[in-house]
Amino acid sequence: MPENPLYLQLRGRLVDLIKTGELPPASRLPGERLLAERFATTRVTLRQALTQLESEGLIHRRNRRGWFVSPRRVEYSPNHDQSFDQYVSAQGRHPQTEVLDVRRQPATAEAAQALGIACGQAALHVKRRRYIDGRAVLLERIWLRDDLLPGLAEGDFSTSLWQRLWEEYGLVLARKSLRLYPTALTGDEAEALGVHSGCAGLCVTRVTHDREGRALEYDEDYWLHDAICLRVEVAM
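Numbering (UniProt numbering), first residue to last: 1 to 236.
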């Protein structure tokens with residue numbers, strides 16, 4: 001049986017350091033020169049090993065700050081009605097939300113189709129950045145039917161939107177449909193999350209309906225791939 005390539009052997013040795021706690025979650029890895037000297041290897045082989053670990057979600061690179069061990073992933077159950085703050089806090093982590101932009105503007109073709117409105121019709125667009133334990137892990141782009149929700153733009157968008165819709169408008173979430181697919185984080189998404197363009201990500205799109213069957217919210221969520229684990233419970 002052929003021996004593993006050198007970069008995979010080095011990858012295994014780095015995994016051992018993570019598993020034993022010598023490199024604990026959220027810790028910064030030594031510089032590439034120091035690691036190459038420690039393992040008596042070349043920078044090229046080392047970078048291959050680091051890239052492999054990054055693709056597996058075990059480490060991540062922060063722009064201009066180096067490599068870090070990824071914290072354990074948070075579990076997200078799309079069939080449970082919980083807000084970001086609720087499910088992150090329930091797992092012993094610290095959530096934080098930063099509202100980046102709130103404005104009424106023409107809906108994209110995707111948003112218009114999801115909301116059942118004409119392409120280019122104005123809707124309320126909200127952009128938020130979400131953090132777990134101080135690390136930016138999620139960029140949200142949210143489209144809302146504010147023509148059905150007067151005064152919505154003046155409220156607080158740092159908390160649960162559907163909690164607001166219940167408290168202010170008496171609306172109850174009745175149904176949501178989701179699509180999930182791997183993607184590369186580029187442009188605005190990569191910049192907002194502080195990663196290099198092309199970094200692996202997960203896109204989750206969600207359409208939420210009220211009891212009257214109206215699509216009131218369309219979300220595009222861009223996650224760092226090493227920050228989330230999806231869990232779905234299915235009754236048999």
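Yeah, the Cβ is synthetic: ideal placement off N, Cα and C, and Gly gets one too.
By the 16-neighbour rule on beta-carbons within 10 angstroms, residue 217 is buried. Restricting attention to 45, 166, 18, the CA atom closest to the CA of residue 68 is found in 18. A direct Cα-Cα distance of roughly 30 Å separates residue 51 from residue 87. DSSP lists 130 as the bridge partner or partners of residue 97. Separation of residue 161 and residue 27 (C-alpha to C-alpha, rounded to the nearest whole angstrom) is 34 Å. For secondary structure counted as the alpha helix (DSSP H) over 4 or more consecutive residues, the stretch 28–97 holds these complete runs in sequence order: 32–38, 43–55, 84–90.
Taking each of 192, 191, 199, 179 in turn and checking the Cα distance to residue 208, the smallest one comes out for 179. Among the bridge pairs identified by DSSP, residue 105 is matched with 123.
With fewer than 16 other CB atoms across the displayed protein chains lying within 10 angstroms of its CB, residue 99 is exposed. Taken atom to atom, the span from the alpha-carbon of residue 91 to that of residue 74 is near 7 Å. Between the beta-carbon of residue 128 and that of residue 176 there is about 18 Å, and that puts the pair past the 8 Å contact cut.
Three or more beta-carbon pairs separated by less than 8 Å are not found between the stretch 152–166 and the stretch 129–140, which leaves the two stretches without contact. Around the C-beta of residue 166, fewer than 16 other C-beta atoms lie within 10 Å, and the residue is accordingly described as exposed.
Contact check for residue 122 against residue 107 passes: the beta carbons are separated by less than 9 Å. In terms of Cα proximity to residue 115, the closest of 220, 231, 40, 232 is 220.
In this structure, the alpha-carbon of residue 172 lies about 6 Å from that of residue 210.
About 6 Å separates the beta carbons of residue 72 and residue 25, which is inside the 8 Å limit, making them a contact pair. In the DSSP annotation of this structure, the continuous segment of the beta strand (DSSP E) that includes residue 185 starts and ends at 173–185. It is roughly 24 Å from the alpha-carbon of residue 137 to the alpha-carbon of residue 48. Secondary structure note for residue 205: its beta strand (DSSP E) is the uninterrupted segment 199–210. Per DSSP, residue 167 has no beta bridge partner at all. Spanning the alpha carbons of residue 76 and residue 234 requires a straight line of approximately 14 Å. Sixteen is the threshold: since fewer than 16 other Cβ atoms of the shown chains lie within 10 Å of the Cβ of residue 188, the residue is exposed.
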